[in-house]
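For the sequence shown, this note's numbering gives the first residue as 83, with consecutive numbering after it.
In what follows, a structure is listed as structure tokens, so that the remarks can point back to it.
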Amino acid sequence: MSTALLASYVIGVIMGAICLIMILKQPEVRYKTAIAMANVCCIISLLGKIFGFLSTEVNESILACKLAYIGKCYATAFVVLTIVKFYNIKMKKWILYAIFFVNSVAFVLIMTFEHHKLYYISFEPVVENGIEYNKIHGAPFYYFYMAFTVFTFLFSVVLCLSRLRKKNQEASFYDPKLSIILSCIGLIPFIGLMIYLLGWTNGLDTTQLGIMLAAIVEFIAIYHFDMLKVVNLAKEQVVEESSEGVLIVDNHYHIIYKNTTCKQFPEFTKDTITQIINENEDTLSVDGKNYKCYVTELKIKNLLQGYMLEFSDVTDLIRNANEIMSLKEAADTVAKQKADLLAIMSHEIRTPLNGVLGLAEIAAGEDSMVVKDRYISMIAKSGRDLMTLINELLDYSKLESKKMELVEGIYSMQDLFEELSIIEASKIKEKNLEFHMELPEKLEDKYIGDDLRLKQILLNLVNNAIKYTNEGSVDVKVEITAADEEETEFLFSVSDTGIGIKDEDKGKIFESYHRANSPETRKEEGTGLGLVITKELVELMGGTITVESAYGIGSVFRVKLRQKNVIKKDTAASENEIPKIKASFKAPEAKVLVVDDNEVNLIVVEGILKAYDIECERALSGKEALEILEDTSFDLIFMDQMMPEMSGRETVRTYRATEDDSSHTPVIAMTAEEIESEEKYTESGFDAILKKPVQTKSMDALLKQWIPESKQQN
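And the structure:
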């Protein structure tokens with residue numbers, strides 16, 4: 083009999099160890115540690131029994147008893163914890179703490195029982211009928227602990243069985259057979275303990291026999307019934323590690339499960355969950371964050387058991403969507419502003435253009451040269467207005483594409499301001515305004531810089547001041563704020579007594595396509611690009627521009643920038659003086675063909691060539707030019723790059739294909755487009771490029787280069 087008991091305990095240890103190994107090999111789940119510790123406790127308890135059978139002295143029996151109790155005290159506690167974790171039961175933490183506390187007190191008393199009478203009153207190893215067991219007489223705490231152990235076993239069994247009944251909670255996701263098996267694992271040791279306490283074994287503790295049988299049942303459950311449920315574990319891990327928050331509630335909206343991600347979200351109250359489910363709200367805002375909510379009903383046989391709520395943090399998505407919407411609205415605003423600008427430009431361009439065409443037609447019918455001269459003067463003014471508008475658009479396009487370049491040269495500051503006052507005189511007189519200009523006494527006559535851009539900046543500011551000033555004055559003031567041998571720093575101020583600028587518009591007047599919004603500004607004509615171009619030009623020249631304004635009182639624009647000093651005062655005249663047609667040589671024997679579909683452009687080029695005594699022939703199209711070239715040879719050809727029917731490139735390619743290898747006639751491309759690369763012209767057969775509008779200086783350089791020297795006369 084003794085051998086049979088020893089063999090059963092050994093079998094229990096082996097089965098428990100096998101189960102422990104199988105458990106540890108499984109993936110991490112929430113109850114893995116608890117069930118592993120329960121197995122460890124059972125193995126230790128059985129080892130204590132085995133050691134007791136092999137002991138021959140009282141001290142060894144006492145040590146074996148203590149070893150058995152190391153596992154026995156905590157086995158039931160870990161069984162309860164396993165069940166709680168397995169079914170994810172929401173239990174008050176103090177209950178688990180109380181179970182472990184009582185077992186810990188019993189453990190301490192058992193480990194020291196030979197020194198007091200609190201657990202055992204007497205303890206004596208005896209052998210009866212070939213069976214060795216410990217004959218004891220327990221103290222009050224012993225009987226309390228036995229009752230507590232019985233209660234713990236019953237509690238674990240009740241928890242398992244309750245999961246079978248309450249299928250409306252998370253237990254419904256597990257196989258009911260597992261609940262029965264888990265109940266048996268807890269019930270078998272309980273039966274062994276009850277047999278011992280009832281005295282049916284004459285003092286032999288059969289609890290360890292129950293533990294051995296429970297280990298066998300556990301092995302069967304793991305091996306045959308797959309107690310750890312690989313599929314369910316996989317599902318559980320997918321839910322637990324999902325990037326979306328998963329919340330499971332019963333049909334009374336009580337939370338019974340939340341995954342790891344959901345724990346990172348704000349606390350969802352019962353009221354919030356009720357609102358989501360009942361009002362079908364798919365978006366929720368909590369603590370400044372936005373969540374997308376999906377609700378799934380959980381049913382068994384068409385009976386509602388609860389709900390699964392999935393939450394996705396869509397805060398960033400909503401923010402990005404709002405940013406995209408803002409960008410779209412901004413793009414729509416810019417598109418509208420560009421459309422408005424196009425409408426304004428259409429009107430602004432047509433006004434002077436109508437003046438040019440109408441006055442030209444009227445002047446053609448006049449006989450009086452005095453009247454004609456007056457009309458021609460008016461045509462010139464309309465042409466200048468038209469050129470101003472076009473220049474604004476071209477300048478803005480260059481500035482936007484970062485292609486604007488400064489061309490520095492020697493210029494007279496005095497002449498620049500004299501020209502400025504002359505240009506603005508008629509506008510000032512027309513609006514009956516006062517105009518004052520104050521220059522510093524120490525102002526030198528010559529400086530080095532891009533005087534055309536500087537004049538454009540000042541003209542834009544003065545024109546803007548005149549435009550929005552109906553009475554009072556416009557003042558221009560120049561101050562020297564710093565100077566050294568190389569550079570002089572200027573502060574240009576343009577002030578007016580006009581309508582002023584509202585505070586909310588001060589930050590917008592330098593923005594593209596924006597004009598300060600007031601009834602007065604809506605009456606004024608213009609592109610609205612003047613100040614934008616001015617700011618860009620100032621910054622391109624390394625300066626700064628600021629504005630001070632009081633609405634209804636007036637404005638002051640200040641520009642600060644530096645200009646280089648002219649070291650030698652006997653320097654030749656400014657390179658930027660207005661060019662005059664002054665031929666550097668004569669070539670009466672040279673022949674030049676000019677090809678352009680625009681009659682005015684032909685007249686301009688013919689007029690320049692006339693100063694060189696060069697014989698000029700014209701063609702109004704590429705086709706006409708090819709017909710002329712079949713019969714006549716030329717020293718040089720000027721050809722417009724953009725012509726209808728046959729472009730300049732196509733004409734040159736056709737001509738080069740028929741040209742003799744022994745002769746090569748240079749062809750100069752005339753173009754008004756921005757030149758990014760000369761390759762596309764040279765590849766087409768052009769030899770050089772002449773930019774429109776044609777400048778006499780550029781023309782002179784090309785003629786010197788390409789007219790044969792043998793035909794040039796000084």
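Every residue gets a Cβ at the ideal spot worked out from N, C-alpha and C, and that includes glycine.
- Here DSSP, grouped into helix, strand and coil, assigns D722 to strand.
- Contact between the region 577-585 and the region 635-645 is established, with three or more Cβ pairs separated by less than 8 Å.
- In summary, I165 is buried, with 16 or more beta-carbon neighbours lying within 10 Å of its beta-carbon over all protein chains present.
- Burial is judged here by how many other beta carbons sit within 10 angstroms of a residue's own beta carbon; E392 has at least 16 and is buried.
- For S666, the CB contacts under 6 Å within the same chain, skipping 5 residues up- and downstream, are D782 in chain order.
- Scanning T354, S244 and M228 for the CA closest to the CA of L275 turns up M228.
- Its chain contains V641, K642, L643 and R644 as the residues whose beta carbon lies nearer than 8 Å to that of G625, once the 5 sequence neighbours on both sides are disregarded; these appear in chain order.
- V676 is positioned such that its CB atom lies closer than 8 Å to that of L684.
- The Cβ atoms of T616 and I539 lie closer than 8 Å to each other.
- By the beta-carbon neighbour count (other beta carbons within 10 angstroms, threshold 16), A159 is buried.
- Look at D743 here: in three-state DSSP terms it is coil, with no helix or strand label.
- Beta-bridge pairing by DSSP links N372 to S367.
- Counting only unbroken stretches of 3 or more residues, the beta strand (DSSP E) elements lying wholly within the region 136-220 are 202-210 and 213-220, in sequence order.
- In the structure shown, L515 adopts coil according to DSSP, grouped into three states.
- L718 is positioned such that its CB atom lies closer than 8 Å to that of I750.
- In the three-state reduction of the DSSP assignment, V686 falls in the helix class.
- For V677, no alpha helix (DSSP H) segment is defined; the enclosing uninterrupted segment is the beta strand (DSSP E) at K673 to V677.
- Y225 counts as exposed, since fewer than 16 other beta carbons sit within 10 angstroms of its beta carbon.
- In this structure K668 touches Q795 by the C-beta definition: roughly 5 Å separates them, less than 8 Å.
- Separation of N552 and E506 (C-alpha to C-alpha, rounded to the nearest whole angstrom) is 15 Å.
- Non-local C-beta neighbours of K107 in its own chain, meaning closer than 6 Å and more than five positions away in sequence, are absent.
- Here E618 is buried. Its C-beta has 16 or more other C-beta atoms within 10 Å.
- Put simply, the backbone Cα of E411 is about 40 Å away from that of P775.
- Secondary structure of S715 (DSSP, three-state): coil.
- Looking at E727, T747 and V682, the one whose alpha-carbon comes closest to that of E712 is T747.
- DSSP places A403 in the helix class (H, G or I) of the three-state scheme.
- Residue pairing from DSSP places D578 in a beta bridge opposite V556 and S637.
- Taking every protein chain shown into account, the CB of Q346 has fewer than 16 other CB atoms within 10 angstroms, so this residue is exposed.
- The beta carbon of I132 is closer than 6 Å to those of Y91 in its chain, skipping five residues each way along the sequence.
- Beta-bridge partners of F393 (DSSP): G327 and C375.
- Secondary structure note for T356: its alpha helix (DSSP H) is the uninterrupted segment K352 to E361.
- If you draw a 10 Å sphere on the C-beta of A413, you find fewer than 16 other C-beta atoms in it, and that means exposed.
- Secondary structure of D533 (DSSP, three-state): helix.
- Under DSSP, the beta-bridge partners assigned to D332 are G388.
- For Y493, the pairing in a beta bridge is given by DSSP as Y529.
- A direct Cα-Cα distance of roughly 10 Å separates E490 from M623.
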